[in-house]
Structures are given as C-alpha cells and as structure tokens.
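Residue numbers (our numbering): 1495 to 1768.
Every residue gets a Cβ at the ideal spot worked out from N, C-alpha and C, and that includes glycine.
Computed from a predicted structure; not experimentally measured.
Here's the structure, in structure tokens; my notes come after.
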C-alpha cells in the first residue's frame, strides 16, 4: 500500500486521528500492528529528538516508511516538532508527506515569518504543514500547563502562515506520565468554530480516555501521543526482565514491549473513534 497523507486521513476520518511517536523500529511495527488490529488509519511521527537519538533522519524515516507501505491500513509518516528548516527539507526530500514546523520559541512575528516561508516551500512540493502559535504547556519548561490559545490569535496565525493544521494549547502538557490533564472543552469548541484548519492536540498522554473522546467530539482532529506508549513499552520490558534474569536475547523482551505498545494503540484508536 502506498504511503497515506495526513491530509487525506484527516479529511476521510469521521473521528479523531491517532498520531504516535516512533522511537525505534519496534515502535513503528507496534503502532501499525495496533492500527491493523482495529482496522483504522494511523500516523507514525518522527520527532526532532528522535532524529538526534538516531544521529540522522534517514535511517528512522526510511524504516518507518517501509513499515507504513506494508501496512494493511492507511499509514502516514510525519515529521514532528522540527525546529530547523533544513530538517524539514530533508524530510521532504526523503518522501515524508507532512511536517510539523515548530517556530513557537521565536517571538510572534518571527514565528509567523518563518512558518509562512516553510509552509510556502512545502506546499510547492505537495507537503502538508502543521504548526503552533506558542509552545504547548510544559514544553522545555516554558508556558505553564494553564496556557491557552486565544481563538482570534489562532485565526490570524493560520491566515498569515497558510498552515494546514494548528496545534493549540487547551490544557495539556508534554511528557505527562499521569492521566490527569484537564482540558478546556469550551475553548476547543470555540477554536473549532473559528479556525478553518484541523486542530491538533499535543501532549495527549496525560489526558484520560473519556476526556480524549470529549476533545474529539468538541473539535480536536489529530491527537499526538508519545509518552504513554513509552511508559507501556518500558513497563513491559521491565516486567519481562524481572521475570527472567537469565534472558540475553533482546528480541524476547523487546517483543514484550512491542506487543504492549500495539495493545495500547488499538485501545487508543478505539477511544478516538468514539
């Protein structure tokens, strides 16, 4: 199956679209297996931090795209939180059909200018672009989890940058290991009514299942999840190693981690589907 585009998945899906971060090959295969188990499309995301971990984008990107092409469901491969334009350009050259360009640490006018340039360049090559106004709560220690996106600012930002999707701050925080985030559902409704592009929820690992369902019903479309899957993977590996102190074959405990992630992906896609 050819690579799917996020734009196509978002347009064709009546519910929320799950976007899960890849750390290594086991994550990619697990995410796709979880999506196949419930027959739903999915997005594999590769963050700039993941690129740093592997030392380069190409190995993890090509591996993820290979996994996506073999899937029995539509799978898109997306560059997540790229702060460097050269990384965006490399991703496009490698064949990724969508990117999240993150200029949110810049002053507002510089963010708009940089994002508009990247969006225009990507659109000239048929690539879908996600961005955000200001950093989502908790990211890199800036913005308290109480940070909120103002609807009129979101509308202005989309108009001036031409982006295809917008990540908004509505109560989540990155890297949460507990599910106790409180979302501003009324604000999501306002943003959905005002902003002409799909809304993206970053930091969704900390959101309870029922609240995720409500967020989708109120207008969230792309739901990013990373830490929750890492927690499931690590927990399964830790349990396996605790139960077999003599194991040396890494495939055995990595399989446990992979299977745990696949189960969580199936569950979360079901949550987002309502």
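DSSP places residue 1497 in the coil class of the three-state scheme, outside both helix and strand. Between residue 1516 and residue 1540, the gap from beta carbon to beta carbon is short of 8 Å. Distances from the alpha-carbon of residue 1532 to those of 1733, 1573, 1736, 1566 put 1566 closest. By the 16-neighbour rule on beta-carbons within 10 angstroms, residue 1696 is buried. The three-state secondary structure of residue 1570, taken from DSSP, is strand.
Apart from the 5 residues on each side of it in sequence, residue 1716 sits with its Cβ closer than 8 Å to the Cβ of 1500, 1504, 1510, 1511, 1513, 1537, 1624, 1659, 1692, 1693, 1694, 1695 in its chain, given in chain order. Bounds of the alpha helix (DSSP H) holding residue 1764 are 1744 to 1766. Between residue 1593 and residue 1520, the alpha-carbon positions lie close to 22 Å from each other.
When DSSP reads this structure, residue 1576 sits in a beta bridge with 1595. Taking every protein chain shown into account, the CB of residue 1547 has fewer than 16 other CB atoms within 10 angstroms, so this residue is exposed. Here residue 1756 is actually not in contact with residue 1730; their C-beta atoms are around 11 Å apart, not less than 8 Å.
Counted as a single uninterrupted DSSP element, the alpha helix (DSSP H) harbouring residue 1682 occupies residues 1679 to 1688. Residue pairing by DSSP puts residue 1539 in a beta bridge opposite 1515, 1572. Short of 7 Å from the beta carbon of residue 1699, and not among the five residues preceding or following it, lie these beta carbons of its own chain, in chain order: 1670, 1719, 1720, 1721, 1722.
Looking only at 1764, 1522, 1611, the smallest Cα-Cα distance to residue 1753 is reached by 1522. Rounded to whole angstroms, the gap between the alpha carbons of residue 1759 and residue 1727 is 11 Å. The alpha-carbon of residue 1675 is positioned some 24 Å away from that of residue 1525. When secondary structure is reduced to three states using DSSP, residue 1726 falls in the helix class.
In this structure, residue 1643 sits away from residue 1590, with a CB-CB distance that is not shorter than 8 Å. A straight line joining the alpha-carbon of residue 1653 with that of residue 1736 spans about 54 Å. Secondary structure note for residue 1710: its alpha helix (DSSP H) is the uninterrupted segment 1703 to 1712. Short of 6 Å from the beta carbon of residue 1677, and not among the five residues preceding or following it, lie these beta carbons of its own chain, in chain order: 1664, 1665, 1705, 1709. Here residue 1661 is not near residue 1688, since their CB atoms are 8 Å or more apart. Of all alpha-carbon atoms in 1576, 1607, 1598, 1621, the one lying nearest the alpha-carbon of residue 1587 is that of 1621. The three-state secondary structure of residue 1661, taken from DSSP, is strand. Under a 10 Å Cβ-count criterion, residue 1618 is classified as exposed, with fewer than 16 other Cβ atoms of the shown protein chains found around its own Cβ. When only Cα atoms are considered, residue 1739 and residue 1732 end up about 11 Å apart. Going by DSSP, residue 1695 is part of no alpha helix (DSSP H) but of the beta strand (DSSP E) stretching over 1693 to 1695. The beta carbon of residue 1713 sits closer than 8 Å to those of 1682, 1683, 1685, 1686, 1687, 1693, all from its chain and outside the five residues before and after it, given in chain order.
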